[in-house]
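Inspection log for the structure reproduced underneath, given as structure tokens.
Number of protein chains: 2
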Amino acid sequence: MKNFQRRDFLKKTTVAAAGASLMAACQPSKEKQSVEAPNVNFNKTFQWKMVTTWPPNFPVLGEGCNLLAKWIEEMSGGRLKIHVYGGGELVPPLETFEAVSNGAVEMGHGVGYYWAGKAPAAQFFAAVPFGMNAQQLNAWIISGGGLAMWEELYAKFDLQPMVCGNTGVQMGGWFNKEINSVEDLQGLKMRIPGLGGKVLSKAGGSAVTVAGGEIYTNLERGVIDATEWIGPYHDYLMGFYRVAKYYYYPGWHEAGPVLELIVNKSKFDRLPKDLQEIIRTASMRSNVWMLSEFDAKNNLYLQKLINEEGVQLRKYPEEVLKQLRLYTKEVLDEIISEDPFSAKVYESYQKFRNSINYWSEVSEKTFYNQILN
Amino acid sequence: MKNFQRRDFLKKTTVAAAGASLMAACQPSKEKQSVEAPNVNFNKTFQWKMVTTWPPNFPVLGEGCNLLAKWIEEMSGGRLKIHVYGGGELVPPLETFEAVSNGAVEMGHGVGYYWAGKAPAAQFFAAVPFGMNAQQLNAWIISGGGLAMWEELYAKFDLQPMVCGNTGVQMGGWFNKEINSVEDLQGLKMRIPGLGGKVLSKAGGSAVTVAGGEIYTNLERGVIDATEWIGPYHDYLMGFYRVAKYYYYPGWHEAGPVLELIVNKSKFDRLPKDLQEIIRTASMRSNVWMLSEFDAKNNLYLQKLINEEGVQLRKYPEEVLKQLRLYTKEVLDEIISEDPFSAKVYESYQKFRNSINYWSEVSEKTFYNQILN
Numbered sequence: 000m001k002n003f004q005r006r007d008f009l010k011k012t013t014v015a016a017a018g019a020s021l022m023a024a025c026q027p028s029k030e031k032q033s034v035e036a037p038n039v040n041f042n043k044t045f046q047w048k049m050v051t052t053w054p055p056n057f058p059v060l061g062e063g064c065n066l067l068a069k070w071i072e073e074m075s076g077g078r079l080k081i082h083v084y085g086g087g088e089l090v091p092p093l094e095t096f097e098a099v100s101n102g103a104v105e106m107g108h109g110v111g112y113y114w115a116g117k118a119p120a121a122q123f124f125a126a127v128p129f130g131m132n133a134q135q136l137n138a139w140i141i142s143g144g145g146l147a148m149w150e151e152l153y154a155k156f157d158l159q160p161m162v163c164g165n166t167g168v169q170m171g172g173w174f175n176k177e178i179n180s181v182e183d184l185q186g187l188k189m190r191i192p193g194l195g196g197k198v199l200s201k202a203g204g205s206a207v208t209v210a211g212g213e214i215y216t217n218l219e220r221g222v223i224d225a226t227e228w229i230g231p232y233h234d235y236l237m238g239f240y241r242v243a244k245y246y247y248y249p250g251w252h253e254a255g256p257v258l259e260l261i262v263n264k265s266k267f268d269r270l271p272k273d274l275q276e277i278i279r280t281a282s283m284r285s286n287v288w289m290l291s292e293f294d295a296k297n298n299l300y301l302q303k304l305i306n307e308e309g310v311q312l313r314k315y316p317e318e319v320l321k322q323l324r325l326y327t328k329e330v331l332d333e334i335i336s337e338d339p340f341s342a343k344v345y346e347s348y349q350k351f352r353n354s355i356n357y358w359s360e361v362s363e364k365t366f367y368n369q370i371l372n
Numbered sequence: 000m001k002n003f004q005r006r007d008f009l010k011k012t013t014v015a016a017a018g019a020s021l022m023a024a025c026q027p028s029k030e031k032q033s034v035e036a037p038n039v040n041f042n043k044t045f046q047w048k049m050v051t052t053w054p055p056n057f058p059v060l061g062e063g064c065n066l067l068a069k070w071i072e073e074m075s076g077g078r079l080k081i082h083v084y085g086g087g088e089l090v091p092p093l094e095t096f097e098a099v100s101n102g103a104v105e106m107g108h109g110v111g112y113y114w115a116g117k118a119p120a121a122q123f124f125a126a127v128p129f130g131m132n133a134q135q136l137n138a139w140i141i142s143g144g145g146l147a148m149w150e151e152l153y154a155k156f157d158l159q160p161m162v163c164g165n166t167g168v169q170m171g172g173w174f175n176k177e178i179n180s181v182e183d184l185q186g187l188k189m190r191i192p193g194l195g196g197k198v199l200s201k202a203g204g205s206a207v208t209v210a211g212g213e214i215y216t217n218l219e220r221g222v223i224d225a226t227e228w229i230g231p232y233h234d235y236l237m238g239f240y241r242v243a244k245y246y247y248y249p250g251w252h253e254a255g256p257v258l259e260l261i262v263n264k265s266k267f268d269r270l271p272k273d274l275q276e277i278i279r280t281a282s283m284r285s286n287v288w289m290l291s292e293f294d295a296k297n298n299l300y301l302q303k304l305i306n307e308e309g310v311q312l313r314k315y316p317e318e319v320l321k322q323l324r325l326y327t328k329e330v331l332d333e334i335i336s337e338d339p340f341s342a343k344v345y346e347s348y349q350k351f352r353n354s355i356n357y358w359s360e361v362s363e364k365t366f367y368n369q370i371l372n
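This is the structure in structure tokens:
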């Protein structure tokens, strides 16, 4: 684009836009359009298994996995059938990564931070506290160099990663008292896993790991003082509003976790090219579908929680967020000092983030502040 | 979901989440997973034509159409080949709608407001001033009932519409003077098409239609005083920074126009089911790809414009936006009073918008204000 000449650009005039001649010159996309000669055996069929970290048919997430399998089967004319298993039906939810990696099953769906123990850098392709949101993460992974690094990381585990959904900005959690300062977090026993939990610990809180099914009872009995979960729709289904009064936002710990599809790479590479592309494309359709469903549902259930259940909506004070941001820096510094690949990914992540924030200020941020209302 | 019982929900415990039994009960998605028996003739091939409103290989938009064709060809194992034509190569850009509608070609790519003359309500599925952004429009169309109305509207023209891209929030335009009040818009000759132009006219400005290729020269010679185009990447390529000093944001007239794929419905309906689903899915992949490319590129080119070309970035004053919003209401009221289908679509659009704004305040808006920095 450096040698771009405006005059060339303006030679050709069309109604909607301009610049055919130059654009053709700077974008040789005729080449892109050439497609390898089809080498497809339409008689060969595949029966695959997909394990997930979600309960069977779990709203949005499990439903999305079922739809993914349906789309793939339909697009392949029935040549690639995928049986979707809920977490625990075939393997425990958090063994999804291992099961796909060792080839016990062909596919899995979950979030990168679940495998932080095996691949710490996977967290940057999921969610880090005070990190990028759904739209920014898409831009980084798809158009900003993120995918190549993600593939490099997962290739070590014989896995092919794909973006396959996003929850959007999560909520900050349920509390039985107001959080007016960082002091209010001290001694607080909160169910908050992963990096968010480490940040809370630095703030003097006590991060507890509680399985999803036990959170409600623990909160009711005072075994824990607070919990985060996902967003208004799923939080409503869990009934937290019956045992906690204050519902905080924003979800500083997860501003838009990437939900990932992982495919056993050896098996993926041996698939006919058309089926590979079908999987890639279906995953991107799920990516949009899940976020759209979350947005449409969270919207309705937030209003339900407030208007029908009397939930008190609260915003984390700026000062608390400022402190948590500082603790986040400490937590991330520890990770990158211990894991060289994390350092490499974090550098790319931060570079893209600092850069896109500049554009987001002018575009989306201004939309929400000046156009939304 | 009304009879949801927390106790049932908590019966089954898994590590990542909870609620298999209930979720299975409230979401009968086994049925969803059943796939019609494949009825696919893998020997039949199709050669289709796709016309677009963009110059051939136009950055992001034309490139995205080329990629769409490539994905479809790859996924179909070469059974559906699509030749993509730039605007004017086969039919003039703005005749895309008509050419696909009458079956001269099978597919087209453009934006709904281009066909406002034939179907005024199409504008609500594209962009209206002070309307929804990309993420909100996806949620409305995909998960909020928008698609059914869009399909109903386009069926009258024998067209099947699909979401197939988004530019994200656009920029507000290039000016040779500062805009400090609505008075500064009076008498201003600005290249701004569609509804944005009508709003400007109400503010006392003069909306001019100028073909893309003539904007630069008209601006240089003072035939027009100002222009809007797309965003930093495309605006940079047009060279506007050489003849206008002030670059305004936000693009209040287009907060995230939906780019659409239109397929001749009769021909689409006669396609084998697998190819139909391949087109639908590829369109959604383009949807994500285009927005990601716009975000990644706009980000870099905005910095280039400011740091290398000395462009003065300016934000529209709140008071000006407030006035333009009032004029927008007048413009929209005129449209819905003249066209009953527009009234119906606008009702759904506004209802969803008012509702999702509630959630966006808590999620994305707070992300941009409290987490971004």
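In order, the protein sequences belong to chains L and F. Numbering of the first sequence is given in numbering that gives the first Met the number 0, commencing with residue 0 and proceeding in unit increments. Numbering of the second sequence is given in numbering that gives the first Met the number 0, commencing with residue 0 and proceeding in unit increments. The beta-carbon is built from N, C-alpha and C at its ideal position, and this holds for glycine as well.
Sequence-distant residues of the same chain with beta carbon closer than 6 Å to residue i, five excluded per side
i        : result
F:VAL344 : ALA120, PHE123 and MET148
L:VAL83  : MET49, CYS64, ASN65 and ALA68
F:MET74  : ILE277
F:ALA103 : none
L:LYS364 : none
L:TYR232 : LYS296, ASN297 and TYR300
F:GLU72  : LYS80
CB contact check: residue i to chain F, cutoff 9 Å
i        : result
L:THR226 : no
L:GLU363 : yes
L:TYR326 : no
L:PHE96  : no
L:MET170 : yes
L:ILE335 : no
L:GLN369 : yes
C-beta neighbour in chain L for residue i, strict 9 Å
i        : result
F:MET148 : no
F:ILE191 : no
F:TYR245 : no
F:PRO160 : no
F:VAL133 : Correcting the residue type first, residue 133 of chain F is Ala in the shown sequence and not Val. Yes, contact with chain L.
F:SER142 : yes
F:TRP173 : no
F:PHE41  : yes
F:LYS314 : yes
F:LEU152 : no
F:ASP273 : yes
F:ALA125 : no
F:ALA281 : yes
F:GLU366 : Residue identity differs from the one stated: residue 366 of chain F is Phe in this sequence, not Glu. Output row for F:PHE366: interface = yes.
Same chain only: Cβ atoms within 7 Å of residue i, ignoring 5 sequence neighbours per side
i        : result
L:PRO92  : THR52 and GLY86
L:ASP157 : SER100, ASN263, LYS264 and SER265
F:ILE355 : GLN135 and ALA138
F:LEU199 : LEU184, MET189, ILE191 and ALA206
L:GLU219 : VAL242
Outcome for residue i when other beta-carbon atoms lying within 10 angstroms are tallied against a minimum of 16
i        : result
L:SER359 : buried
F:SER28  : Since pLDDT at F:SER28 reaches only 34, below the 50 mark, its modelled position is unreliable, and the value read off the structure follows with that caveat. Looking at its Cβ environment, which holds 16 or more other Cβ atoms inside 10 Å, F:SER28 is buried.
L:ASN175 : exposed
F:LYS1   : Residue confidence is low: F:LYS1 scores 33 on pLDDT, short of 50, so the model does not pin down where it sits. No coordinate-derived value is stated.
L:LYS321 : exposed
F:ASN179 : exposed
F:THR44  : exposed
L:THR40  : The amino acid at residue 40 of chain L is misidentified as Thr; the sequence shows Asn. Its Cβ having fewer than 16 others within 10 Å, L:ASN40 is exposed.
F:GLN159 : buried
Cβ-heavy atom distance, residue i to the ligand FAD, below 8 Å
i        : result
L:PHE239 : What this structure holds is no ligand at all, so the ligand FAD is not there to describe.
Cut-off 8 Å between Cβ atoms - residues of its own chain near residue i, not counting five sequence neighbours on either side
i        : result
F:THR208 : ARG190, PRO192 and GLY196
F:TYR357 : none
- For the stretch 283–306 of chain F, enumerate the residues whose C-beta is nearer than 8 Å to any C-beta of chain L, in chain order. Of all residues in the stretch 283–306 of chain F, the ones placed with a Cβ closer than 8 Å to any Cβ belonging to chain L are MET283, ARG284, ASN286, VAL287, TRP288, LEU290, SER291, GLU292, ASP294, ALA295, LYS296, ASN297, ASN298, LEU299, LEU301 and GLN302, in chain order.
- Query: If you pair each beta-carbon of the stretch 189–201 of chain F with each one of the stretch 306–320 of chain F, do three or more pairs fall below 8 Å?
  - Reply: No: fewer than three Cβ pairs fall under 8 Å.
- Three CB pairs or more closer than 8 Å across the stretch 332–347 of chain F and the stretch 290–297 of chain L: no
- Item | contact_flag[the stretch 269–288 of chain L, the stretch 269–287 of chain F] where n(CB pairs < 8 Å) is 3 or more | yes
- Message: Counting only Cβ-Cβ distances shorter than 8 Å, please list the residues of the stretch 102–121 of chain F near chain L, keeping chain order.
- Response: GLY109 and TYR113
- Using 8 Å as the Cβ pair cut-off and three pairs as the minimum, do the stretch 238–253 of chain F and the stretch 247–263 of chain L touch? no
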